[in-house]
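Enquirer: Following this message is one structure expressed as structure tokens.
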Amino acid sequence: MATSSSLLLFSPPSGTCLRARAAGGRGRAGATGRFMACSSSLPDVVVTRERGKNAKLIAALENHNIRTLELPLIKHVEGPDTNRLSAVLRDEKFDWITITSPEAAAVFLEGWKAAGNPKVRIAVVGAGTARVFDEVMQYNDGSLEVAFSPSKAMGKVLASELPRTTETTCKVLYPASAKAGHEIQNGLSDRGFEVTRLNTYTTVPVQDVDPLILKPALSAPVVAVASPSALRAWLNLVSQVDNWGNAIACIGETTASAAKKFGLKSIYYPTTPGLDGWVESILEALRAHGQSKEAPGR
Numbered sequence: 001m002a003t004s005s006s007l008l009l010f011s012p013p014s015g016t017c018l019r020a021r022a023a024g025g026r027g028r029a030g031a032t033g034r035f036m037a038c039s040s041s042l043p044d045v046v047v048t049r050e051r052g053k054n055a056k057l058i059a060a061l062e063n064h065n066i067r068t069l070e071l072p073l074i075k076h077v078e079g080p081d082t083n084r085l086s087a088v089l090r091d092e093k094f095d096w097i098t099i100t101s102p103e104a105a106a107v108f109l110e111g112w113k114a115a116g117n118p119k120v121r122i123a124v125v126g127a128g129t130a131r132v133f134d135e136v137m138q139y140n141d142g143s144l145e146v147a148f149s150p151s152k153a154m155g156k157v158l159a160s161e162l163p164r165t166t167e168t169t170c171k172v173l174y175p176a177s178a179k180a181g182h183e184i185q186n187g188l189s190d191r192g193f194e195v196t197r198l199n200t201y202t203t204v205p206v207q208d209v210d211p212l213i214l215k216p217a218l219s220a221p222v223v224a225v226a227s228p229s230a231l232r233a234w235l236n237l238v239s240q241v242d243n244w245g246n247a248i249a250c251i252g253e254t255t256a257s258a259a260k261k262f263g264l265k266s267i268y269y270p271t272t273p274g275l276d277g278w279v280e281s282i283l284e285a286l287r288a289h290g291q292s293k294e295a296p297g298r
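Structure representation (structure tokens):
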């Protein structure tokens, strides 16, 4: 599945930029998104999430006078179990639904609505995932409840801390990426939970990146990645480039562990996953590479 990328270079408000429109969106539906193309500046940071999901990070970095280039490296598409989700929700009852990413939450909500909004209790991995449910919880009749999040926003912690609701078998539905590991389901199964996993979505790398876009991306001292899939996609892009050794700023420990396994050396990540920690890790990486860009007064 081939997708073209466009040069999306965001500069702090003091710059002069050309505004335009570009096509993008999730694999299941098209969408449009705004971008600013700035030819006068090279980026400090490459942001690599799926198009439309980088805005908060870009805005946070702009507060530190950091120029960002948006280069989506992956896109989400339907998984093998996408169409099964609504039927499973209609036909079976679960004590918990475990949701471990914003994308998993968005896909789950589509299936939940198609199933007729059955009563469910949700366990989320962290605050970012929980926010996807905020609007639904404001307007539904209480049939959807976000009732648990672990002490640390990591799948293995969720699996170790999820409370049992019955003395007998506790049933869990785990809608997941097809590329997700087995840490959660194995951890819950080891504790006696009965886990049903559905691979409701997956990720594919963006293809055919224009060399004119890749060139400024390679010059950036820091590349920010939010998943092992995005990291693999970046390494595939730079595999033909000799001696690329700039910094990788990971959203959390899972992606950082993948970076270490891939043999990368300059890796930065927060101990607690989330936007604020990710921004701090990016700032640390920039300082280490002599690229501090703090805004005046900070």
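Position one of the sequence shown corresponds to residue 1 (UniProt numbering), numbered consecutively onward.
All C-beta atoms in this analysis are idealised placements derived from N, C-alpha and C, irrespective of residue type, glycine included.
1. If you run the structure through DSSP and keep just helix, strand and coil, what is Phe148?
2. Would you list, in sequence order, the uninterrupted alpha helix (DSSP H) runs of no fewer than 4 residues that lie entirely inside the stretch 61–93?
3. CB-CB under 6 Å to Arg49, same chain, minus the five flanking residues each way: which ones, in chain order?
4. Relative to the C-alpha of Thr169, which candidate in Glu194, Pro80, Ala178, Thr271 has its C-alpha closest?
5. How is the alpha helix (DSSP H) around Glu50 delimited, first residue to last?
6. Which residues does DSSP pair with Arg197 in a beta bridge?
7. Between the beta-carbon of Asp95 and the beta-carbon of Arg131, is there less than 8 Å?
8. Check the C-beta distance from Val47 over to Ala258 and give it rounded, since I have them as a contact under 8 Å.
9. Leaving out five residues before and five after Glu183 in sequence, what residues of the same chain have Cβ atoms less than 7 Å from its Cβ?
10. How many angstroms separate the CA atom of Ala153 from the CA atom of Lys179?
11. Which same chain residues, not among the five before or five after Gly116, have their C-beta less than 6 Å away from its C-beta?
12. Would the beta-carbon of Glu103 fall within 8 Å of that of Tyr201?
13. Identify every run of the alpha helix (DSSP H) within the stretch 176–251, keeping only runs that are complete inside it and at least 4 residues long; order them along the chain.
14. Check the C-beta distance from Ile74 over to Thr203 and give it rounded, since I have them as a contact under 8 Å.
15. Express the C-alpha separation of Val238 and Arg191 in angstroms, rounding to a whole number.
16. Tell me the residue span of the alpha helix (DSSP H) that contains Val136.
17. The alpha helix (DSSP H) with Ala115 in it runs from where to where?
18. With distances taken Cα to Cα, identify the nearest neighbour of Leu69 among Phe108, His76, Arg51.
19. Helix, strand or coil: which one does DSSP assign to Thr169?
20. Near Ser39, what residues of its chain come up, given a Cβ to Cβ distance below 6 Å and the 5 sequence neighbours on each side ignored?
21. Any idea which residues DSSP pairs Thr98 with across the strands?
22. By a C-beta neighbour count over all protein chains shown, 10 Å radius and 16 as the cutoff for buried, is Ser149 buried or exposed?
23. Compare the beta carbon distance of Pro118 and Arg84 with 8 Å and say whether it is the shorter of the two.
24. Roughly how far, in whole angstroms, is the beta-carbon of Glu253 from the beta-carbon of Tyr269, given that I think they are within contact range, below 8 Å?
25. Measure the C-alpha to C-alpha separation of Thr129 and Ala123 and round it to an integer number of angstroms.
26. Taking the DSSP output, what are the residues bridged to Ile267?
27. For the alpha helix (DSSP H) that contains Gly160, what are its first and last residues?
28. Can you grab the Cα-Cα spacing for the pair Arg232 / Glu78, in whole Å?
29. Once DSSP output is grouped into helix, strand and coil, what is the label at Gly274?
30. Anyone know if the C-beta pair for Ala220 and Pro43 falls short of 8 Å?
31. Evaluate Leu212 with the Cβ neighbour count: other Cβ atoms within 10 Å of its Cβ, from every protein chain shown; 16 or more gives buried, anything less gives exposed.
32. According to DSSP, simplified to helix, strand and coil, what is Leu286?
Expert: Taking the geometry as given:
1. Within the sequence shown, numbered from 1, the residue matching residue 148 stands at position 148. If DSSP states are grouped into helix, strand and coil, Phe148 belongs with the strands.
2. 85–91
3. Indexing the sequence shown from 1 puts residue 49 at position 49. Answer for Arg49: Ala226, listed in chain order.
4. Translated into positions along the sequence shown, residue 169 becomes position 169. That would be Glu194, whose Cα lies nearest to the Cα of Thr169.
5. In the sequence shown, residue 50 corresponds to position 50, counting from 1. It is not in any alpha helix (DSSP H) - Glu50 carries neither H nor E in the DSSP assignment.
6. Translated into positions along the sequence shown, residue 197 becomes position 197. DSSP, once it has assigned bridges, lists Tyr174 as partnering Arg197.
7. On the sequence shown, position 95 is the one that residue 95 refers to. On the sequence shown, position 131 is the one that residue 131 refers to. No, they are not a contact pair.
8. Your numbering for residue 47 matches position 47 in the sequence shown. Your numbering for residue 258 matches position 258 in the sequence shown. The pair is not a contact, with the Cβ atoms about 18 Å apart (cut-off 8 Å).
9. The count along the sequence shown starts at 1 and reaches residue 183 at position 183. Cβ within range, chain order: Gly155, Lys156, Ala159.
10. One-based indexing of the sequence shown puts residue 153 at position 153. One-based indexing of the sequence shown puts residue 179 at position 179. Taking the straight line from one Cα to the other gives about 19 Å.
11. Translated into the one-based positions of the sequence shown, residue 116 becomes position 116. Counting only Cβ-Cβ distances below 6 Å, and skipping sequence neighbours, we find nothing.
12. Sequence index remark: in the sequence shown, residue 103 carries index 103 (1-based). Sequence index remark: in the sequence shown, residue 201 carries index 201 (1-based). It is a contact, given that the beta carbons lie within the stated cut-off.
13. 183–190, 211–219, 228–238
14. Working through the sequence shown from its first residue, we reach residue 74 at position 74. Working through the sequence shown from its first residue, we reach residue 203 at position 203. That belief holds up - the Cβ atoms of Ile74 and Thr203 are roughly 5 Å apart, short of 8 Å.
15. Taking the sequence shown and counting its residues from 1, the one referred to as residue 191 is at position 191. Taking the sequence shown and counting its residues from 1, the one referred to as residue 238 is at position 238. In a straight line, the C-alpha of Arg191 is about 42 Å away from that of Val238.
16. Translated into positions along the sequence shown, residue 136 becomes position 136. 134–139 is the span of the alpha helix (DSSP H), which, as asked, contains Val136.
17. Residue numbering aside, residue 115 sits at position 115 when the sequence shown is read from its first letter. Note, Ala115: premise wrong, no alpha helix (DSSP H); not H, not E.
18. Within the sequence shown, the letter at position 69 stands for residue 69. When each option's Cα is compared against that of Leu69, the closest is Arg51.
19. As a working note, residue 169 is residue 169 in the sequence shown. In the structure shown, Thr169 sits in coil (DSSP, three-state: anything other than H, G, I, E or B).
20. Here residue 39 corresponds to residue number 39 of the sequence shown, with the count starting at 1. Any reading at Ser39 must be qualified, since the residue scores a pLDDT of 41, below 50, and its modelled position is unreliable; the value itself is stated next. None.
21. Locating residue 98 in the sequence shown gives position 98, where the first residue counts as 1. Paired residues: Ala123.
22. Position 149 of the sequence shown, counted from the start, is the residue given in the question as residue 149. Ser149 is buried by the Cβ-count criterion.
23. Here residue 118 corresponds to residue number 118 of the sequence shown, with the count starting at 1. Here residue 84 corresponds to residue number 84 of the sequence shown, with the count starting at 1. For Pro118 and Arg84, no; Cβs fall outside 8 Å.
24. The residue you call residue 253 lines up with position 253 of the sequence shown. The residue you call residue 269 lines up with position 269 of the sequence shown. About 6 Å separates the two Cβ atoms, so the contact holds.
25. For the purposes of this step, residue 129 is identified with residue 129 of the sequence shown, where counting begins at 1. For the purposes of this step, residue 123 is identified with residue 123 of the sequence shown, where counting begins at 1. Those two C-alpha atoms are separated by around 10 Å.
26. Start at 1 with the first residue of the sequence shown, and residue 267 comes out as number 267. Answer by DSSP bridge pairing, in chain order: Ile248.
27. Counting from one through the sequence shown, the residue named residue 160 turns up at place 160. Residue identity differs from the one stated: residue 160 is Ser in this sequence, not Gly. Per DSSP, Ser160 belongs to the alpha helix (DSSP H) from 155–161.
28. Locating residue 232 in the sequence shown gives position 232, where the first residue counts as 1. Locating residue 78 in the sequence shown gives position 78, where the first residue counts as 1. Their Cα atoms are separated by approximately 20 Å.
29. Position 274 of the sequence shown, counting from 1, holds the residue named residue 274. In this structure, Gly274 counts as coil in the three-state DSSP scheme.
30. Counted from its first residue, the sequence shown places residue 220 at position 220. Counted from its first residue, the sequence shown places residue 43 at position 43. Yes, the Cβ-Cβ distance between Ala220 and Pro43 is below 8 Å.
31. Taking the first residue of the sequence shown as position 1, residue 212 is located at position 212. Result: exposed.
32. The residue you call residue 286 lines up with position 286 of the sequence shown. The answer is helix: DSSP assigns Leu286 an H, G or I state.
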